[in-house]
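Remarks on the structure that follows.
Numbering (my numbering), first residue to last: 4 to 308.
Shown next, in the form of structure tokens:
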């Protein structure tokens, strides 16, 4: 009775504590990419919970059925070399679980890396999101606007983020809209997101990048396309232009509040969008042509001798 009372008390305390917790942001999706990832997380939790419950039930069953008090004092368990059925279960079940999770993960990876489902026919809003110690710079080439530490996006429209860094590697993450992706200094990575619901969401750098990492955050406000257009017009009427000197000051290590400019830094400090493949192909072809020419010269020389 004491054990039952203790377990009941612990369960009651757990319910009370959890009732005051806010929902996890990754399980409160506001866009198609985040919904897919939240679904995968719940599937993983369900599989793991099932395994834990089965193991605990078997544990209790074994402890009760084969407890020492039920056996004679001179009992000796039989020597068993192996049980093919038991070994098959012990090996086969983990393989099946890993196969299921792998299939779900690979399929979801292709989905979240592409344009959000339902938005394939729409033109995405391209935003260059670059990080520096310890702030975020958002450049809107189409709107000719740049913001610092905050982001305005329209709902019901695909967003294509171009990520890179002016310092150490960072990780761009808006938990309620999608998964995180790295921003690096010498290349641009692309992240596809979309917001279905207007609201304000938290964004942050999810990769440790120095002493200012904890405050390397930004806010995301999703709004209707009409309100987004009104904001763009307001910025062009009130904001100061972004100059090269001003941008150099912004890149200095430190924390800043929200800032807004007309123009972007992409004109005087473009993103590192290299086309390595073309250069490598040209270099490879030149090397191949040089080798072929050298081989022909050696052949002609040998024939002459």
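Built from N, CA and C at the ideal position, the CB exists for glycine as well.
CB of residue 33 within 8 Å of CB of residue 179, strictly
Here residue 33 is near residue 179, since their CB atoms are less than 8 Å apart.
4 or more residues per run - each alpha helix (DSSP H) lying fully within the region 192-247:
You should have 228-241.
Identify the residues that DSSP records as bridge partners of residue 42: which are they?
Answer by DSSP bridge pairing: none, since residue 42 is not bridged.
If distances are taken between C-alpha atoms only, which option among 122, 51 and 266 comes closest to residue 99?
Distances from the CA of residue 99 to each of 122, 51 and 266 were compared; the closest alpha carbon is that of 51.
For residue 173, three-class secondary structure by DSSP:
Three-state result, residue 173: strand.
If we count the other Cβ atoms within 10 Å of its Cβ and call it buried at 16 or more, is residue 264 buried or exposed?
When all chains shown are included, residue 264 counts as buried.
Which residues in the same chain as residue 156 place their Cβ atom closer than 8 Å to its Cβ, once the five residues preceding and following it in sequence are excluded?
For residue 156, where only same-chain residues beyond five positions count, the Cβ hits under 8 Å are 128, 130, 162, 198, 223, 224, 225, 226 and 231.
What is the DSSP secondary structure of residue 163, counted as helix, strand or coil?
Residue 163 falls in the strand class under three-state DSSP.
Can you give the Cα-Cα distance for residue 169 and residue 61, rounded to whole angstroms?
The straight-line gap from Cα to Cα measures roughly 55 Å.
Would you check whether the ligand MG has a heavy atom nearer than 7 Å to the C-beta of residue 163?
Because no ligand of any kind appears in the structure shown, any question about the ligand MG cannot be addressed here.
For residue 110, count the other beta carbons within 10 Å of its own beta carbon; 16 or more makes it buried, fewer makes it exposed. Which is it?
When all chains shown are included, residue 110 counts as exposed.
For residue 87, report the span of its alpha helix (DSSP H) as first-last.
That run of the alpha helix (DSSP H) goes 87-116.
Could you tell me the boundaries of the beta strand (DSSP E) in which residue 157 lies?
Unbroken beta strand (DSSP E) run through residue 157: 153-157.
So, residue 115 versus residue 40, is the Cβ gap smaller than 8 Å?
Judged by beta-carbon spacing, residue 40 lies within the 8 Å limit of residue 115, meaning their Cβ atoms are closer than that value.
For residue 262, which residues of its own chain have a beta-carbon under 6 Å away from its beta-carbon, when the five flanking residues on both sides are left out?
Once the five neighbours on either side are set aside, the close Cβ partners of residue 262 are 151.
Is the beta carbon of residue 119 closer than 8 Å to that of residue 195?
For the pair residue 195 and residue 119, the CB atoms are nearer than the 8 Å cut-off.
Per-residue burial, residue 97 [other beta carbons within 10 Å of its own, 16 or more giving buried]:
Around the C-beta of residue 97, fewer than 16 other C-beta atoms lie within 10 Å, and the residue is accordingly described as exposed.
If we ignore side chains and look at the alpha-carbon of each, how far apart do residue 244 and residue 149 end up?
Distance between the alpha carbons of residue 244 and residue 149: 9 Å.
8 Å contact criterion, which residue 132 and residue 186 should meet: CB distance rounded:
Yes, they are in contact, since the Cβ atoms of residue 132 and residue 186 sit about 7 Å apart, within 8 Å.
Would residue 125 pass as a contact of residue 235 if the rule is Cβ separation under 8 Å?
Judged by their CB atoms, residue 125 and residue 235 are not nearer to each other than the 8 Å cut-off.
Unbroken beta strand (DSSP E) run spanning residue 267, endpoints:
Here residue 267 belongs to no beta strand (DSSP E), and DSSP marks it neither H nor E.
Let me know if residue 214 comes out buried or exposed under the rule of 16 or more other beta-carbons within 10 Å of its beta-carbon.
Residue 214 is exposed by the Cβ-count criterion.
Status (buried if at least 16 other CB within 10 Å, exposed otherwise) for residue 181
With 16 or more Cβ atoms within 10 Å of its Cβ, residue 181 is classed as buried.
Measuring alpha carbon to alpha carbon, tell me which residue in 158, 143 and 257 is nearest residue 164.
If we check each option's Cα against that of residue 164, 143 comes out closest.
Helix, strand or coil: how does DSSP classify residue 143 here?
Residue 143 falls in the strand class under three-state DSSP.
Give every residue of the same chain whose Cβ lies closer than 6 Å to the Cβ of residue 188, excluding the five residues on either side of it in the sequence, and list them in chain order.
A distance below 6 Å between beta-carbons, with the five flanking residues on each side excluded, links residue 188 to the following residues of its chain, in chain order: 168.
Do residue 209 and residue 176 have their beta-carbon atoms positioned less than 8 Å apart in this structure?
In this structure, residue 176 sits near residue 209, with a CB-CB distance shorter than 8 Å.
Among 58, 154 and 273, which has the Cα closest to the Cα of residue 260?
Of 58, 154 and 273, the residue nearest in Cα terms is 154.
Hey, would you say residue 202 sits closer than 8 Å to residue 221, going by beta carbons?
The answer is no: Cβ separation not under 8 Å.
Tell me the rounded alpha-carbon separation between residue 166 and residue 88.
If you take the alpha carbons of residue 166 and residue 88, they lie about 52 Å apart.
Assigned secondary structure, residue 307 (DSSP; H/G/I helix, E/B strand, else coil)
For residue 307, the predicted structure reports a pLDDT of 44, less than 50, and the residue's modelled location is therefore unreliable. A value from the coordinates is still provided. DSSP places residue 307 in the helix class (H, G or I) of the three-state scheme.
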